[in-house]
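Novice: For any residue, its number in our numbering is found by taking its place in the sequence shown, counting from 1, and adding 147. Quick reminder that beta carbons are idealized off the backbone N, C-alpha and C, glycines included. Keep in mind that this is a model prediction, so the values were computed, not measured.
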Amino acid sequence: MVLKVNNLSKTIKQNRILNNVSFEINEGEIVTLLGPSGAGKTTTLRCISGLERCDSGDIVIKNRYLVKGNDETEPVHAKNDELKKIRKDIGLVFQHFNLFPHKSVLENIILSPIHVYGMKKESAIEKAIQILKSLGLEEKKDNFPYELSGGQKQRVAIARALILEPKIICFDEPTSALDPALSNEVANILKSLVKKGLSVLIITHDMEFAKISNRILMMRDGSIEKTLTPEEYFNL
Numbered sequence: 148m149v150l151k152v153n154n155l156s157k158t159i160k161q162n163r164i165l166n167n168v169s170f171e172i173n174e175g176e177i178v179t180l181l182g183p184s185g186a187g188k189t190t191t192l193r194c195i196s197g198l199e200r201c202d203s204g205d206i207v208i209k210n211r212y213l214v215k216g217n218d219e220t221e222p223v224h225a226k227n228d229e230l231k232k233i234r235k236d237i238g239l240v241f242q243h244f245n246l247f248p249h250k251s252v253l254e255n256i257i258l259s260p261i262h263v264y265g266m267k268k269e270s271a272i273e274k275a276i277q278i279l280k281s282l283g284l285e286e287k288k289d290n291f292p293y294e295l296s297g298g299q300k301q302r303v304a305i306a307r308a309l310i311l312e313p314k315i316i317c318f319d320e321p322t323s324a325l326d327p328a329l330s331n332e333v334a335n336i337l338k339s340l341v342k343k344g345l346s347v348l349i350i351t352h353d354m355e356f357a358k359i360s361n362r363i364l365m366m367r368d369g370s371i372e373k374t375l376t377p378e379e380y381f382n383l
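#1: Considering only the alpha carbon of each residue, which of Leu375, Ser360 and Thr351 lies closest to Val240?
#2: Which term fits Tyr293, buried or exposed, when burial requires 16 or more other beta carbons within 10 angstroms of its beta carbon?
#3: From Cys201 to Phe291, what distance separates their C-alpha atoms?
#4: Count the other C-beta atoms from every protein chain shown that fall within 10 angstroms of the C-beta of Thr191, then say buried if there are 16 or more, exposed otherwise.
#5: When the Cα of Arg193 is compared with those of Gly344, Val152, Asp353 and Glu355, which residue comes out closest?
#6: Taking its Cβ as the centre, do 16 or more other Cβ atoms sit within 10 Å of Arg211, making it buried, or is it exposed?
#7: Using 7 Å as the threshold, is the C-beta distance between Ile316 and Gly238 below it?
#8: Report the partner residues of Thr374 according to the DSSP bridge assignment.
#9: Among Ile256, Ser360 and Gly283, whose alpha-carbon lies nearest the alpha-carbon of Ser270?
#10: Just to check my reading of the structure: Val214 and Ile206 have Cβ atoms closer than 8 Å, yes? What is that Cβ distance to the nearest angstrom?
#11: Would you mind stating whether Ser346 and Ile172 have Cβ atoms separated by less than 7 Å?
#12: Give me the residue from Phe244, Ile261, Ile276 and Glu355 with the minimum Cα distance to Lys235.
#13: State the Cα-Cα distance for the pair Asn154 and Gly265, rounded to the nearest angstrom.
#14: May I have the straight-line CA-CA distance separating Pro248 from Ser184, to the nearest angstrom?
#15: Put Arg200 into one of helix, strand or coil per three-state DSSP.
#16: Less than 8 Å between C-beta atoms, sequence neighbours within five positions excluded: which residues of the same chain meet that for Ile310?
#17: Starting from the Cα of Asp319, find the closest Cα among Ile305, Leu230, Asp326 and Ile349 and give me that residue.
Here it is in structure tokens:
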């Protein structure tokens with residue numbers, strides 16, 4: 148098991164955003180969290196990636212606790228070195244990619260490995276170029292984000308997530324900022340990641356794109372209502 152979420156809850160200003168959310172993701176599996184805007188999908192993702200803190204519940208990534216809940220006290224959150232190790236195992240591709248506009252494609256990818264994880268610059272560059280080549284972007288390594296199409300920016304964001312060799316990679320609305328014609332291209336990239344042993348979590352309201360999943364988690368009002376296969380979902 149790569150990811151386990153158990154009874155995840157979060158309240159903001161007396162508004163219950165997440166209500167006992169629980170699910171698991173296994174190695175080499177694509178799981179989609181599907182639901183309308185305001186269902187709690189992105190908040191779930193932000194809690195899983197350590198960008199937000201939950202009020203209660205457990206989040207376990209590759210046998211390491213990001214959060215360990217306790218019914219009687221505040222949940223215990225991973226700190227410092229442990230948090231750094233956990234974040235290395237979970238890659239995140241933001242909805243709008245969040246590339247640094249003043250840095251080249253290559254610089255965007257090698258920034259975290261060098262400055263956060265202490266990778267040697269030469270090794271980081273070599274690794275980044277290999278990943279860019281696999282994504283068809285090697286010739287764009289010296290370009291800046293403003294010189295790229297939406298699809299190219301997304302692939303750079305994927306490369307940035309992959310360079311740390313995560314066990315699971317999460318995509319927040321992967322098709323929302325792209326031309327609809329690029330959806331198949333994105334789907335093929337995700338399938339190729341799974342073939343390499345990665346797990347994938349997709350956050351989306353795009354029902355058609357959810358077809359590539361092994362499982363679809365139907366989310367509404369902060370809770371997971373159903374877990375379905377794509378076949379079950381599209382036969383509803």
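Specialist: Looking at the atomic coordinates:
#1: Within the sequence shown, residue 240 is the residue found at index 93, counting from 1. Of the listed residues, the one whose Cα sits closest to Val240 is Thr351.
#2: Numbered from 1 along the sequence shown, position 146 holds the residue referred to as residue 293. It is exposed - the Cβ of Tyr293 has fewer than 16 other Cβ atoms within 10 Å.
#3: Residue numbering aside, residue 201 sits at position 54 when the sequence shown is read from its first letter. Residue numbering aside, residue 291 sits at position 144 when the sequence shown is read from its first letter. The alpha-carbon atoms of Cys201 and Phe291 are separated by roughly 36 Å.
#4: In the sequence shown, residue 191 corresponds to position 44, counting from 1. By the neighbour-count rule (16 or more Cβ atoms within 10 Å), Thr191 is buried.
#5: Translated into the one-based positions of the sequence shown, residue 193 becomes position 46. When only C-alpha atoms are compared, the closest one is Val152.
#6: Within the sequence shown, residue 211 is the residue found at index 64, counting from 1. By the 10 Å Cβ count, Arg211 comes out exposed.
#7: Counting from one through the sequence shown, the residue named residue 316 turns up at place 169. Counting from one through the sequence shown, the residue named residue 238 turns up at place 91. It is a contact, given that the beta carbons lie within the stated cut-off.
#8: The residue labelled residue 374 in the question sits at position 227 within the sequence shown. For Thr374, which the question treats as bridged, DSSP gives the partners Leu364.
#9: Taking the first residue of the sequence shown as position 1, residue 270 is located at position 123. Closest by alpha carbon: Ile256.
#10: On the sequence shown, position 67 is the one that residue 214 refers to. On the sequence shown, position 59 is the one that residue 206 refers to. Correct: roughly 5 Å between the Cβ atoms.
#11: As a working mapping, residue 346 is identified with position 199 in the sequence shown. As a working mapping, residue 172 is identified with position 25 in the sequence shown. Cβ atoms of Ser346 and Ile172: closer than 7 Å.
#12: Looking up residue 235 in the sequence shown gives position 88. Lys235 has its Cα closest to that of Ile261, out of Phe244, Ile261, Ile276 and Glu355.
#13: By one-based count along the sequence shown, residue 154 stands at place 7. By one-based count along the sequence shown, residue 265 stands at place 118. Looking at the two C-alpha atoms, the distance is approximately 35 Å.
#14: Residue 248 sits at position 101 when you count from the first residue of the sequence shown. Residue 184 sits at position 37 when you count from the first residue of the sequence shown. Distance between the alpha carbons of Pro248 and Ser184 is about 28 Å.
#15: Within the sequence shown, residue 200 is the residue found at index 53, counting from 1. Coil at Arg200, not helix or strand.
#16: One-based indexing of the sequence shown puts residue 310 at position 163. For Ile310, where only same-chain residues beyond five positions count, the Cβ hits under 8 Å are Ile256, Ile257, Ser259, Pro260, Ala271, Lys274, Ala275 and Ile278.
#17: Taking the first residue of the sequence shown as position 1, residue 319 is located at position 172. Of Ile305, Leu230, Asp326 and Ile349, the residue nearest in Cα terms is Ile349.
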